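Enquirer:
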Amino acid sequence: HTSAGILSYSEPIGHVDFFPNGDVMPQRGCPHENPIDIITCSHYFAFSVFAESVYNKDAFVATMCSDWKKFSHGSCNNNTKASMGYSTPETVRGVFYLETKGAPPFGKDDPTHPLPKKLSLLLKYDKNDSLVKPVDIVNFLMHKEPTQRAAGDDPESLEGGAALESTEDEHKKVMRVKNVRHGTTTPDPPAFLENSASGFQYSNGILTTLAGHIVLRIFTAGW
1 HTSAGILSYS EPIGHVDFFP NGDVMPQRGC PHENPIDIIT CSHYFAFSVF AESVYNKDAF
61 VATMCSDWKK FSHGSCNNNT KASMGYSTPE TVRGVFYLET KGAPPFGKDD PTHPLPKKLS
121 LLLKYDKNDS LVKPVDIVNF LMHKEPTQRA AGDDPESLEG GAALESTEDE HKKVMRVKNV
181 RHGTTTPDPP AFLENSASGF QYSNGILTTL AGHIVLRIFT AGW
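The working numbering applies: residue 1 is where the sequence shown begins, and numbers increase by one.
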């Protein structure tokens, strides 16, 4: 939930819900002046932190808590922790809060495996084009070596044991994680992100139009 009340829900709706920096906009590092930039940047922040979690599975450690106020006051420090992003365990349930930084890397950086400068630049919001570039981010992640990816760091840590295998079609190479116990195959993070990026790209025009309507409604209500 990165744009609660506008382009995302302010209430928990899933098995596990993460609220980076609370449930208000703008997100850290986002512009504070232009309403469209505030909404757009906060909305795309969700994609950015997920992409970063693909590269660093421990970047975003969240704490289970009932609300942001209790979390920020330290009342939940001893509660359950969970990684937000691609490596979130399937068994995790509840509402989690965490703080991020205002610039890439948004999460906890790994000194032994620092975020590449190119990826940091891609993740940074640019108000000149009003969009984080999700397709460019996906293209960068797709060209990473399997051992660099969060899911590939320790194949045995995946539930049921797993083995990496690569399949190649006439268009591209897609890395897949094969679950040995269940005999199923699931796309690795970049493949998932590629599908998400297509959706984000399609919604660019809709997002701008919707933001304009929201601003107009707020302005009208004020009068």
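Cβ atoms here follow ideal geometry from the backbone N, Cα and C, with glycine treated the same way. All values reported here derive from a predicted model rather than from experimental measurement.
Does residue 82 come out as helix, strand or coil in the three-state DSSP assignment?
Expert: strand
Enquirer: Which value, in whole angstroms, describes the spacing of the CA atoms of residue 115 and residue 69?
Expert: Their Cα atoms are separated by approximately 31 Å.
Enquirer: Buried or exposed: where does residue 78 fall if 16 or more other Cβ atoms within 10 Å of its Cβ makes it buried?
Expert: exposed
Enquirer: When you compare the segment 39-48 with the segment 19-30, are there three or more beta-carbon pairs, one atom per stretch, that lie closer than 8 Å?
Expert: yes
Enquirer: So is residue 20 in contact with chain B if we call contact Cβ pairs under 8 Å?
Expert: The chain labelled as chain B is not found in the depicted structure, where only one protein chain is given.
Enquirer: For residue 103, does the count of other Cβ atoms within 10 angstroms reach 16, so buried, or fall short, so exposed?
Expert: exposed
Enquirer: Give the list of continuous alpha helix (DSSP H) stretches no shorter than 4 residues that lie fully inside the segment 30-57.
Expert: Taken in chain order, the complete alpha helix (DSSP H) segments of 4 or more residues contained in the segment 30-57 are 35-55.
Enquirer: For residue 165 and residue 15, what's the separation of their Cα atoms in angstroms?
Expert: Residue placement at residue 165 is poorly supported in this model, since its pLDDT is 36, which falls under 50; the coordinates still yield a value, given next. Near 30 Å, if we compare the C-alpha coordinates of residue 15 and residue 165.
Enquirer: Given this structure, state the Cα-to-Cα distance separating residue 7 from residue 111, to the nearest angstrom.
Expert: 34 Å
Enquirer: Specify whether the segment 79-92 and the segment 117-126 touch according to this definition: at least 3 beta carbon pairs, one from each stretch, less than 8 Å apart.
Expert: no
Enquirer: Can you grab the Cα-Cα spacing for the pair residue 73 / residue 65, in whole Å?
Expert: The straight-line gap separating the alpha-carbon atoms of residue 73 and residue 65 is approximately 11 Å.
Enquirer: Going along the chain, which residues of its own chain have a beta-carbon closer than 8 Å to the beta-carbon of residue 89, five neighbours each way excluded?
Expert: 82 and 83
Enquirer: Taking DSSP as the reference, what is the three-state secondary structure of residue 134?
Expert: helix
Enquirer: Mind listing, in chain order, the continuous beta strand (DSSP E) runs of no fewer than 3 residues lying wholly within the segment 86-118?
Expert: 94-98
Enquirer: Between the Cα of residue 75 and those of 141, 97, 39 and 17, spot the shortest distance and give me the residue it belongs to.
Expert: 97
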